[in-house]
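Worksheet for the structure shown next.
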Amino acid sequence: MPAPAAERGVRRRDRDNDNSNIAKHPMNVRDSTNPKMICRLSILGICLLSLAPPDGLSAQRAIGGVQVLADAMLVVQPGVDTLAADRRAILRLLRAHANKSNSIDASTETWSRADVIDFDFGDLAKDFVTQQRATLESIDYDDATRSTQRIRLRYGPASASSVVITLYAVREAGSESPWRLSGSLAQKTRSWTRRTAGRMTFLYAPSMVPDQRRAGKASQFADSVARLFDVPAPPNILFVLTPSPVFYMHLLGLESISKGPDAQKPGSLTKRVSPTGNALVLSGDPSQAEFNKHEIAHAVLGGIFGSAFPSEGVASWLGGSYGMSRESLFATLFAFQRRNPSVSLDRLLKGAPKDIPEEEVRILRNATGALAVHEVYRRRRVAGLRGLRSLPAMAPEDWLRVQLNVSSSDPVALDRWWRAATVREVGANH
Ligand SMILES: [Zn+2]
Numbered sequence: 057m058p059a060p061a062a063e064r065g066v067r068r069r070d071r072d073n074d075n076s077n078i079a080k081h082p083m084n085v086r087d088s089t090n091p092k093m094i095c096r097l098s099i100l101g102i103c104l105l106s107l108a109p110p111d112g113l114s115a116q117r118a119i120g121g122v123q124v125l126a127d128a129m130l131v132v133q134p135g136v137d138t139l140a141a142d143r144r145a146i147l148r149l150l151r152a153h154a155n156k157s158n159s160i161d162a163s164t165e166t167w168s169r170a171d172v173i174d175f176d177f178g179d180l181a182k183d184f185v186t187q188q189r190a191t192l193e194s195i196d197y198d199d200a201t202r203s204t205q206r207i208r209l210r211y212g213p214a215s216a217s218s219v220v221i222t223l224y225a226v227r228e229a230g231s232e233s234p235w236r237l238s239g240s241l242a243q244k245t246r247s248w249t250r251r252t253a254g255r256m257t258f259l260y261a262p263s264m265v266p267d268q269r270r271a272g273k274a275s276q277f278a279d280s281v282a283r284l285f286d287v288p289a290p291p292n293i294l295f296v297l298t299p300s301p302v303f304y305m306h307l308l309g310l311e312s313i314s315k316g317p318d319a320q321k322p323g324s325l326t327k328r329v330s331p332t333g334n335a336l337v338l339s340g341d342p343s344q345a346e347f348n349k350h351e352i353a354h355a356v357l358g359g360i361f362g363s364a365f366p367s368e369g370v371a372s373w374l375g376g377s378y379g380m381s382r383e384s385l386f387a388t389l390f391a392f393q394r395r396n397p398s399v400s401l402d403r404l405l406k407g408a409p410k411d412i413p414e415e416e417v418r419i420l421r422n423a424t425g426a427l428a429v430h431e432v433y434r435r436r437r438v439a440g441l442r443g444l445r446s447l448p449a450m451a452p453e454d455w456l457r458v459q460l461n462v463s464s465s466d467p468v469a470l471d472r473w474w475r476a477a478t479v480r481e482v483g484a485n486h
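Okay, so the sequence shown: first residue is 57 according to the numbering used here, each after it adds one.
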């Protein structure tokens with residue numbers, strides 16, 4: 057059967073390490089219940105920062121030699137000068153920002169609107185913080201013109217596991233307060249090479265080489281995904297190319313991310329939280345470069361499938377996953393089923409089996425999701441794919457039963473489908 061337009065393209069080895077429904081690789085990308093947040097890193101845990109209600113800066117007082125604001129959510133480390141007028145203004149912004157539970161809400165009052173990245177995506181680093189209490193470690197001028205100040209905030213007690221975030225305060229002409237907060241991504245990419253292709257804007261880290269042909273293919277792919285599912289594509293997809301996930305985490309201002317043994321494994325994440333509907337892809341996967349179909353599919357489709365399992369299934373069906381094409385995913389699934397006849401689909405979907413490496417479980421789940429989407433397409437073609445939109449959130453096994461019309465009264469019916477469909481697809485490709 058011919059492939060739909062969205063999946064045509066160069067049959068190269070697609071590397072993808074982004075998976076919404078489960079923790080993974082060094083950065084542990086995992087599911088979020090927030091449909092706007094497609095893929096999120098969990099090395100720091102998953103929790104949107106939610107801080108205490110505001111109180112006046114005048115309530116600042118000293119506790120144990122440390123300046124503490126009344127709600128105790130922002131502590132100023134001893135030795136940090138907050139007396140100068142500029143510093144006081146910035147401290148006020150930080151405090152107001154800390155009291156916002158949502159990084160985009162924050163952009164309306166305290167966050168810079170001058171840069172499109174700041175405007176669209178707010179405080180990207182904040183999404184990765186679980187601790188509520190922040191310590192202001194330093195504020196320093198970052199440039200000769202004294203128009204930018206670099207701020208270091210530490211979340212949690214001083215220890216190896218605490219999270220240190222770098223953000224900025226920038227002078228903003230015309231605003232009530234001349235200072236606004238700005239994220240590391242906006243500040244650090246100012247001089248980066250920028251290319252545009254259709255609705256996609258590509259930003260290149262200094263070591264990355266632009267490929268306009270691949271950029272054009274990526275843009276066409278984004279449009280074809282939108283057409284296939286009959287959804288409006290984001291007006292703009294900002295696609296940031298970096299050498300690794302650790303690189304882009306630092307780029308977000310998360311400078312305390314440790315470098316584990318897997319730290320340089322490729323990986324990517326996609327976010328679609330912009331008030332304008334724009335999407336952001338942070339790619340740490342140079343082998344796919346601009347043409348990262350899995351992430352582009354996420355960027356275009358957002359949270360339309362209601363839950364992570366179908367979202368990953370569709371992205372993996374369209375663009376492969378974990379560096380594998382769709383066909384390779386099916387072959388991997390086939391080999392696993394052969395080697396492990398006693399491991400049921402149910403067991404794979406409900407809680408990670410302890411005797412199987414976490415990453416392998418994630419690959420097998422994505423492969424299973426892609427297999428199911430392929431089955432939907434085989435049976436009901438484009439109408440079937442579009443029927444996957446706007447479904448309520450449900451457990452993967454329930455979603456599979458509904459989509460594949462498998463009896464819920466027969467406990468092994470779904471498992472039978474899983475094995476038979478895998479054999480069919482792998483057999484068809486050999
Ligand atoms: Zn994904």
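Cβ coordinates follow ideal geometry from the N, Cα and C atoms, glycine included.
Closer than 8 Å: residue i CB and nearest ligand 1 heavy atom
i	result
GLU415	no
ALA371	yes
GLU368	yes
THR326	yes
SER339	no
HIS354	yes
HIS306	no
SER384	no
SER381	no
SER363	no
GLU351	yes
SER377	yes
In DSSP terms, what residue i is bridged to
i	result
SER339	LEU297 and SER324
MET380	SER377
TRP235	ARG227
ARG251	PHE258
VAL417	Partner(s): none; VAL417 has no beta bridge.
ILE221	LEU209 and LEU310
TRP167	LEU237
Start and end residues, alpha helix (DSSP H) containing residue i
i	result
SER240	240-244
ASP279	268-285
GLU193	Not the alpha helix (DSSP H): GLU193 falls in the beta strand (DSSP E), residues 190-197.
PHE177	172-177
VAL356	349-357
ILE146	141-154
LEU401	401-405
Contact test: residue i Cβ vs ligand 3 heavy atom, cutoff 8 Å
i	result
THR245	Ligand 3 is not part of this structure, which contains only ligand 1.
First and last residue of the uninterrupted beta strand (DSSP E) at residue i
i	result
LEU488	Lying outside 57 to 486, the shown extent of the chain, residue 488 is not represented and no answer is given.
SER446	It is not in any beta strand (DSSP E) - SER446 carries neither H nor E in the DSSP assignment.
ILE207	204-211
VAL132	130-132
Could you say if the stretch 337-355 and the stretch 365-385 meet the contact criterion of at least three C-beta pairs nearer than 8 Å?
yes
Would you say the stretch 264-277 touches the stretch 181-200, given that touching needs at least three Cβ pairs under 8 Å?
no
Count Cβ pairs between the stretch 250-260 and the stretch 214-231 that sit closer than 8 Å; are there 3 or more?
no
Three or more C-beta pairs below 8 Å linking the stretch 401-409 and the stretch 419-430
Contact holds: three or more Cβ-Cβ distances are below 8 Å.
How do the stretch 234-248 and the stretch 164-177 stand: do at least 3 beta-carbon pairs fall below 8 Å, yes or no?
yes
The stretch 132-146 touching the stretch 190-205, judged by at least three CB pairs closer than 8 Å
These segments touch.
When the Cβ atoms of the stretch 378-387 are set against those of the stretch 448-464, are three or more pairs found closer than 8 Å?
no
Does the structure place the stretch 254-263 close enough to the stretch 291-304 that three or more beta carbon pairs sit under 8 Å?
yes
At a cut of 8 Å, does the stretch 454-465 reach the stretch 426-438 through at least three beta carbon pairs?
Three or more pairs of CB atoms, one per stretch, sit closer than 8 Å, so the stretch 454-465 contacts the stretch 426-438.
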